[in-house]
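Take 6 as the starting number for the sequence shown in this note's numbering and just add one per residue.
Below is one structure, written out as structure tokens; comments come after it.
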Amino acid sequence: MTTIDYAIIIIPGAITLLVGFFLGLLPLQNDQLTSSQKSWSQVVSLIGIGLVVILIFLGKNTASWICIGTMVLGLLIAILPPIKRAMLTRFSWFHPQPTSNKSRNMEKGNNNRQDK
6 MTTIDYAIII
16 IPGAITLLVG
26 FFLGLLPLQN
36 DQLTSSQKSW
46 SQVVSLIGIG
56 LVVILIFLGK
66 NTASWICIGT
76 MVLGLLIAIL
86 PPIKRAMLTR
96 FSWFHPQPTS
106 NKSRNMEKGN
116 NNRQDK
């Protein structure tokens, strides 16, 4: 393998590791995402998947599998409770959207009943 082959493996692998880490820091439930988080998660997902597809079309099977693995690894690292908690305290953008009382009642199935 040449230096370029190693670069084709390492650089996309590092990018997809960051993609997975970013996606892991977002709230896991779709209804807790803010509109900004939804749009950025779509863009970042497209970048990660697009990078893997490009590597597959170029015939770089090793690099594409490494990208898939590093994306999953980044996701798993980001959802570890101490890491997620530390990143949420540092970056408030990753906080979930606050839920209203109406949505909490609908989740419980109490949307037609009034508590007295």
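Where a beta carbon is used, it is the ideal one built from N, C-alpha and C, also for glycine.
Check whether residue i and residue j have beta carbons under 8 Å apart
i: Thr21; j: Thr67; result: no
i: Val24; j: Gly64; result: no
i: Ser46; j: Leu38; result: yes
i: Pro32; j: Pro87; result: no
Closest by C-alpha distance to residue i, when choosing among the options
i: Val77; options: Phe62, Val57, Arg95 and Leu93; result: Val57
i: Leu85; options: Leu60, Leu28, Thr39 and Ser40; result: Leu28
i: Cys72; options: Ser44, Val48, Ile14 and Met6; result: Ile14
i: Arg95; options: Leu81, Ala19, Ser44 and Leu30; result: Leu30
Span separating the alpha-carbon of residue i from that of residue j
i: Ile4; j: Lys89; result: Since the first residue shown for the chain is 6 and the last is 121, residue 4 is missing from the structure and cannot be characterised.
i: Asp10; j: Pro103; result: 46 Å
i: Gly79; j: Phe26; result: 4 Å
i: Met92; j: Gln42; result: 15 Å
i: Leu3; j: Ser69; result: Here the chain has residues from 6 to 121 only, and residue 3 is not among them.
i: Ala83; j: Phe99; result: 12 Å
i: Ala12; j: Asn35; result: 35 Å
i: Ser97; j: Met6; result: 43 Å
Segment limits, alpha helix (DSSP H) that includes residue i
i: Phe99; result: Phe99 -> no alpha helix (DSSP H), and no H or E assigned at all.
i: Met66; result: A small correction: the amino acid at residue 66 is Asn; Met does not occupy that position in the sequence shown. Per DSSP, Asn66 belongs to the alpha helix (DSSP H) from Asn66 to Ala83.
i: Thr39; result: Neither: Thr39 is in no alpha helix (DSSP H) and is coded neither H nor E.
i: Leu31; result: First-last for Leu31: undefined, no H or E at that position.
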